[in-house]
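In case it helps, the working numbering puts the sequence shown at residues 1 to 371.
All C-beta atoms, glycine included, are put in the ideal place defined by N, C-alpha and C.
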Amino acid sequence: MVEENVSKLIRLMREAGISTIVSFNKYNVYYMTGFKPIEGVAAILSSNNQQYLIVPRLEYSRALEESKATVIGYSKYKVDVEPGERIVFKDLLETIFKVLREEGFASEDVGVEYSRVSYKTLKKIIEFLGEDKVKDCSEIFVRARSIKSPSEIGFIEKATRITEEGLKAALDAVSPGIREIDVAARIEYEMKIKGCRTLAFESIVASGVNAALPHATVSEKRISRGEVVIVDIGARYMEYCSDLTRTFIAGKPSSKLRDIYHAVLEAQNAAINAVKPGVKAKEVDEIARNVLREYGYGHLFIHSIGHGVGLEVHEYPGLNSENEKPLEKGMVVTIEPGVYVKGYGGVRIEDIVVVEETGPRVISRFEKSIL
Ligand SMILES: [Mn+2]
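#1: Check whether the Cβ of E164 lies closer than 7 Å to any heavy atom of ligand 1, and answer yes or no.
#2: Decide if K158 is buried, meaning its Cβ has at least 16 other Cβ atoms within 10 Å, or exposed.
#3: In chain order, what residues of the same chain lie with their CB nearer than 6 Å to the CB of G251, ignoring the 5 residues before and after it?
#4: Using only the alpha-carbon positions, how far apart do G345 and E286 sit?
#5: Is L327 helix, strand or coil when you go by DSSP?
#6: Determine the contact status of I125 and L92, defining contact as a CB-CB distance below 8 Å.
#7: Label N273 either buried or exposed according to how many other C-beta atoms from any shown protein chain fall within 10 Å of its C-beta, with 16 as the threshold for buried.
#8: G154 lies in the alpha helix (DSSP H); which residues open and close that run?
#9: Establish whether the CB of V29 and some CB of chain B are separated by less than 8 Å.
#10: Under 5 Å, CB to any heavy atom of ligand 1. Which residues pass, going along the chain?
#11: Mind checking whether G359 and M331 have CB atoms under 8 Å apart?
#12: Measuring alpha carbon to alpha carbon, tell me which residue in E113, R11, A106 is nearest S23.
#13: Could you tell me the alpha carbon to alpha carbon distance between K329 and E152, rounded to whole angstroms?
#14: Applying the criterion that 16 or more other CB atoms from any shown protein chain within 10 Å of the CB defines a buried residue, is D172 buried or exposed?
#15: Going by beta carbon distance, what residues of the same chain come within less than 8 Å of R236, once the five residues before and after it are set aside?
#16: Per DSSP, L199 is paired with what?
#17: Please give me, in chain order, every unbroken run of the alpha helix (DSSP H) with length at least 4 that falls completely inside the region 21-81.
#18: Looking at the unbroken beta strand (DSSP E) that takes in V354, where does it start and where does it end?
#19: Using three-state DSSP, classify H303 as helix, strand or coil.
#20: Are there 16 or more other CB atoms within 10 angstroms of the CB of V284, so buried, or fewer, so exposed?
#21: Touching or not, the region 135-153 and the region 207-220, by the rule of three or more beta carbon pairs under 8 Å?
#22: Compute the distance between the beta-carbons of V362 and V355, then report whether it is under 8 Å.
#23: Put D243 into one of helix, strand or coil per three-state DSSP.
#24: Counting Cβ pairs, one atom from each stretch, are 3 or more of them under 8 Å apart for the region 289-296 and the region 261-269?
#25: Could you give the C-beta distance for G111 and M13, rounded to a whole number, given that I count them as a contact under 8 Å?
#26: Taking 8 Å as the cut-off, does the region 331-341 touch the region 309-321 (at least 3 CB pairs, one atom from each stretch)?
#27: Which of the three DSSP states is assigned to G318 in this structure?
#28: Using CA coordinates, which residue listed in K256, V99, A169, I223 is at the minimum distance from I233?
#29: Straight-line CA distance for E102 to I147?
#30: Mind checking whether L257 and S364 have CB atoms under 8 Å apart?
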């Protein structure tokens, strides 16, 4: 998988006329090298496929195992080193400069992700290389990662299967009297034992009035009879995220709730059916918004229709009213309309869709009728 990612990055580097890229971002370092960083890591890639992974000394042997890149450890402390170990007694940035200088990369254009490094770091890099040599390469990673390979899609599917086990646990647990936090605990237990090492994001179990807040997380509130419960959860598998939402009802839904639910579901179906290569991201948002407007809920749909999902739970493309760019084959996006009524509750339904040549392929399968 890393080989495929690297060749995609190299192709984009050549198109952009950048001969070397340096990334400090943990997702992009993983994408480039297969090494899962904790912190203080960087990766360097040249357009003739020289790969360097620079890690803190304590991560040196793990990096050698996980990555095929040339691994260099760094440490501020001059202590004993095993023969053969490549350890530099400098800080991360100085170690990068050493590699750039020694490999001759410093004489050509070097791409740095302006959107992912601190001002202080960028300033030092510009001082070292000279202003005309440093280029912003943020777009290269955004573009490469937005189009998923079959193996990346496979990991997102596996993460989705695990997340569905979490939804099932939630459905079994939701009943009048239970606390939101208890439901979350059962969800996360189930996902963990099914192979989810870390969550894609903090689980949301929002009942009743809390469901009116799209990003409410979990509280100790007890769920009452007849209340809605928005469950928005995501497992991670092989570092790839899933992100699914279902809205359950603890007891019998009121007719108002039923009406909102069906409007949201109809909006979601319309948006999903619009997904195909070439369709503008904003059009998908507009289609869902129009359905909700017809029901009189347009003003209560207070976020965008969806987002790309991959190594990060929110990544390019954003499916919002401002994104004029077309969807492309291989993108994986969420479709998640919601209606939020202050002081009353809300409904959101979210699925994950792969943009295929012929149209949408919904990879989540969890039941969507009122439960
Ligand atoms: Mn989402």
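Taking the coordinates as given:
#1: no
#2: buried
#3: R225, G226
#4: The straight-line gap separating the alpha-carbon atoms of G345 and E286 is approximately 23 Å.
#5: coil
#6: no
#7: Exposed: under 16 other Cβ atoms inside 10 Å.
#8: 150-173
#9: The structure shown contains no chain B, having only a single protein chain.
#10: D243, T334
#11: Not a contact, by the Cβ cut-off of 8 Å.
#12: E113
#13: 14 Å
#14: exposed
#15: A159, C196, R197, T198, L199, A200, S242
#16: For L199, which the question treats as bridged, DSSP gives the partners A235.
#17: 26-33, 60-66
#18: 351-356
#19: Of the three classes helix, strand and coil, the one that applies to H303 here is coil, per DSSP.
#20: buried
#21: no
#22: no
#23: Here D243 sits in coil by DSSP.
#24: Note that the region 289-296 touches the region 261-269; at least 3 beta-carbon pairs, one per stretch, sit closer than 8 Å.
#25: 7 Å
#26: yes
#27: strand
#28: A169
#29: 34 Å
#30: At a Cβ-Cβ threshold of 8 Å, L257 and S364 do not count as neighbours.
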